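Chains as they are written, first to last, in this note's numbering: chain V, 1 to 294; chain E, 1001 to 1294; chain F, 2001 to 2294; chain L, 3001 to 3294. Even glycine gets a Cβ: it sits at the ideal position worked out from N, Cα and C. As the structure is a computational prediction, the values presented were derived from the model and not from experiment. Notes to accompany the following structure.
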């Protein structure tokens, strides 16, 4: 049983997003990333550092993520940064560390691609391509990602309406790639107490409009490490199919986003809390859940 | 066990809101409304129609609210409406129906006061005074509500920052009244797919800053009846102490907010879902929970 | 010639704001405050301190305002402040100083009323009642202001849509008072470089929808003294009928809003610049313009 | 004399945008596009259709733009559209028409580049490259545009803070290209009466922070043809160095943005009004102004 009370009257094939739209109340797409299924009753937990900083940092973090129940390893090799003078990632070297860490920990990897010219390179290492918030309306990149036939993690732009978000997914789908996971990660509002305003209304709304899995990033959605656990639980209660969270083996030493990264112990605690919460909304969570059997 | 991971480093007595600020991590205030305690481990469910429309409508709705586990009856006798030509409530007649319905159903009542001149009148009927979003920065009204010594339900302004919201509570507290419950009800953003953008980040943030109970209104926070249940569950998972929801015995006939009002059956279903969810975050819910014993 | 290119197709009597709506392209209302006409070809300049702080401060400031071409004296006796611990105005003593300063300088006065219970008192001293941003949706206050038969300066709420703003005016008009001036004063957005985001789009939009005069407050709309002059000129170029600006005889000593208050010299310079600009958009400005004759 | 009252105390070399920051109150950069200078006392008017639709449409429109005083021809060959099913431009064919129209009318051309892979192609035809709102944080594109050594028209992202906007320019400057013009084009707010909320506060703020020219796009900033003229005048009064406006020889037939495109007659009228207004703020406007002499 899915606990989301779907809006049956919402089921209409809107010509504006004809491929992303649900065709029936039960219409859902399962996205496959390596041996992991996203969008089924098992929750999918993607975790890892904001940026790949070193081999040691990544391997240590990956080990903790795997041990405590993370299923997909995240980490940025190409980082969009507001300043041209900030650390912008290890680039191909980072991709190699990701590949290695994924193999060692037995987890598929997801990493961001920022440029149409990088899609081939990143796709050669990654199991799933992330399109970040700043590029949600980078239409050439969406189309190139569509053509890549890789599963795509599409993050909502920080000022994108729900309709624009679904239309961005439609760009990818229209290139013949239906392996798209939507990620709510907070929008920009007047509020300055948090880095972004996590918009959990988006979860039931997106689930009622589209057949695509919807996950939530409580790290960017709050900007505060101590807010990640309550908002992760809220996301799951709202009907999300999984989480994208920042974990760093030593958050206080992180080159970026340290303030919102969980330590391995905090991640472990969150996973334990999710194991208690998930069944109450008809979901399962854990490293042995949501695995392709074959 | 409270599942909220409080931000210990946040504990400082900010001189700007010296009375509302937490004095220690464990500092919480229990607000008492009739025989109901708000802010303890039991969740508080406030429910009822947007507006009091008739004696029959209110008594029927109150009966359902009580039967399915609501503890405080809400209903508007004085309604703030965007248009001067809209129905603005039954006024004192509505207050009388509220009093009667509360007595019949054995529930304390909460209703909105919009004008300093009405505080005495509304206070003569209501167990708790609501200050609505549009009046969150109506400082004379906040001060008058403070002087009334009634418990106050203070709703966040739709463009109020968290700090402004806490400062509005401080206005009430500074008049010697610490019986204040904060209510997140959605903020105004660029998104038009929902009536407001429910800001659940506010729940852990407010809980870490103040000792006051925090509840959530998923009816105004979404504007869509079918979104109320998932967002109500999300609110509880985020750490809210209760809910304020619109229930109408016949939503399709409601004079206002019908689109976001639950039918009695939907309210019953929500309460059943909450009974499953609440223990997973260390809370209890139900009509026999959170009752003052004496 | 009025330089505003009115949207003829916009002229429809919207039933939602039937009294505020234009009935023809040329339909405009002239609001009279003492001997000053607002909404004719002459621009109206309202200026003075944020708060009345002392007799000396007000009389000195009023003298400068009058000398350099201000026509209506503004100053707050009752101040809405975010904190209950901030200076909230001199109250009735402040009203007395305003009355005195207005008489000495030969200028009508405008001052804020925050509470329905104050309308009579403030109306006994002031020539025009200001309803501030925080009270734009304080409907009992709007109705009381309507009944007062005083001219009303209605400021836009910081999160109010244009339609809500016009509906707030409709509340006043529906009580038989058509002497309403609308004031754009900046809205709340994600931008933090300025105190508010001055929305000059509102000027042609309001002028096309309603017959009421529209003025602009570049002091609150920017929060920076040095931005007042360029934005004041922009407001006039956009078609505004006047300005509301903060002037203080010693801005660095102001108890509130010093950072956005012009010194007398800066106000003088602004008025000189406006005298050059106004004719280029078919307007006049100066202390002898816009005076009722008889 | 520049009429902007610069904030002298703002003059500091912020290390975050060390190349874009003003080094003194008088520090300004003149950007050269063909024979046109941007950022001097003469205003620069860029005008043309949203999208290049056909040779006839572009040549006819260009002729009108030139006749009435436009100096740079704009037109989109690659169009970012919310839907993958909308018209996305004539691509290289459109670039050829632009080149031809520019030669025939004697105007340099500016057109959008959306993809790092297109920079060479677009640069082979265009005199100035436009980076659109959706790509303001497309950092690889900014860097590629920087390397191109073409003058760049950088539009503000619809949710970009002023600081992020200046940092985006810094990306271009950090690649050795200081020929950058900033364009305010409206931000996204809660207001739905206009397509965007034109933020004219940005004009004096950007002029005080950076040495780069600042222009304003009142077409996207309002979305309504009839609002373009008042807001164009407001932009100039606020201190803008020029305008970017949509003009179409037959707006009612436009494939995109017809509602906000001026007809040739409306453009002519606007130019006449600007000729009256510009001198009142110390500027000049007209096809013979701002021309490089040699």
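- With 16 or more other CB atoms across the displayed protein chains lying within 10 angstroms of its CB, residue 270 of chain V is buried.
- Excluding its 5 nearest sequence neighbours in each direction, residue 1241 of chain E has C-beta neighbours in its own chain below 7 Å: 1038, 1039, 1043, 1044, 1213, 1214 and 1215, listed in chain order.
- Sixteen is the threshold: when 16 or more other Cβ atoms of the shown chains lie within 10 Å of the Cβ of residue 3174 of chain L, as they do, the residue is buried.
- Shown here for residue 53 of chain V: same chain residues with a beta carbon closer than 6 Å to its own, the five before and five after excluded, namely 255 in chain order.
- At a cut-off of 9 Å between C-beta atoms, residue 1194 of chain E does not count as an interface residue with respect to chain F.
- Counting only Cβ-Cβ distances below 7 Å, residue 115 of chain V has contacts in chain L at 3116 and 3140, in chain order.
- C-alpha of residue 34 of chain V to C-alpha of residue 107 of chain V: approximately 8 Å in a straight line.
- The region 1271–1287 of chain E makes no contact with the region 2137–2157 of chain F: fewer than 3 CB pairs, one atom from each, lie closer than 8 Å.
- Taking 9 Å as the CB threshold, residue 2249 of chain F stays off the interface with chain E.
- Taken through DSSP and simplified to helix, strand or coil, residue 203 of chain V comes out as helix.
- Per DSSP, residue 2243 of chain F is one residue of the beta strand (DSSP E) stretching across 2242–2246.
- Residue 148 of chain V places its beta carbon 9 Å or farther from that of residue 186 of chain V.
- Counting every other CB atom within 10 Å of its CB across the protein chains shown gives residue 1208 of chain E a total of 16 or more, marking it as buried.
- Using a CB distance cut-off of 9 Å, residue 3087 of chain L does not count as an interface residue toward chain E.
- Among the residues of chain E, those whose CB is under 7 Å from the CB of residue 239 of chain V are 1230, following chain order.
- For residue 1148 of chain E, the closest Cβ of chain V is not nearer than 9 Å.
- Here the region 3229–3236 of chain L lies against the region 2231–2241 of chain F, with 3 or more beta-carbon pairs under 8 Å apart.
- Neighbours of residue 159 of chain V across chain L, judged by C-beta separation under 7 Å: 3158, 3159 and 3188.
- No Cβ of chain E is located within less than 9 Å of the beta carbon of residue 177 of chain V.
- For residue 209 of chain V, not one C-beta of chain L is nearer than 9 Å to its own C-beta.
- Around the C-beta of residue 2265 of chain F, fewer than 16 other C-beta atoms lie within 10 Å, and the residue is accordingly described as exposed.
- The beta-carbon separation of residue 20 of chain V and residue 210 of chain V, rounded to 5 Å, stays under the 8 Å limit for a contact.
- For the options V:272, V:109, V:48 and V:89, the alpha carbon positioned closest to that of residue 64 of chain V is the one of V:48.
- By the Cβ test, the region 3065–3080 of chain L is in contact with the region 3117–3136 of chain L, since at least three Cβ pairs between them sit closer than 8 Å.
- Non-local C-beta neighbours of residue 2017 of chain F in its own chain, meaning closer than 7 Å and more than five positions away in sequence, comprise 2166, 2167 and 2170, ordered along the chain.
- Taken through DSSP and simplified to helix, strand or coil, residue 123 of chain V comes out as helix.
- Every unbroken stretch of the alpha helix (DSSP H) spanning 4 or more residues and falling wholly within the region 2053–2114 of chain F is given here in chain order: 2055–2067 and 2092–2105.
- Assigned with DSSP and collapsed to three states, residue 2235 of chain F falls in helix.
- Taken atom to atom, the span from the alpha-carbon of residue 2136 of chain F to that of residue 197 of chain V is near 26 Å.
- If you look at residue 1222 of chain E, you'll find it in the alpha helix (DSSP H) that goes 1218–1222.
- In the assembly as shown, residue 2279 of chain F is an exposed residue. Its beta-carbon has fewer than 16 other beta-carbons within 10 Å.
- Rounded to whole angstroms, the separation of the alpha carbons of residue 162 of chain V and residue 3055 of chain L is 37 Å.
- For residue 135 of chain V, the chain L residues whose Cβ falls inside 7 Å of its Cβ are 3138, in order along the chain.
- Excluding its 5 nearest sequence neighbours in each direction, residue 268 of chain V has C-beta neighbours in its own chain below 7 Å: 68, listed in chain order.
- In its chain, beyond the 5 residues on either side, 132, 133, 183 and 185 have a beta carbon closer than 6 Å to the beta carbon of residue 155 of chain V.
- Proximity of residue 1185 of chain E to chain F, defined by a Cβ-Cβ separation below 9 Å, is not satisfied.
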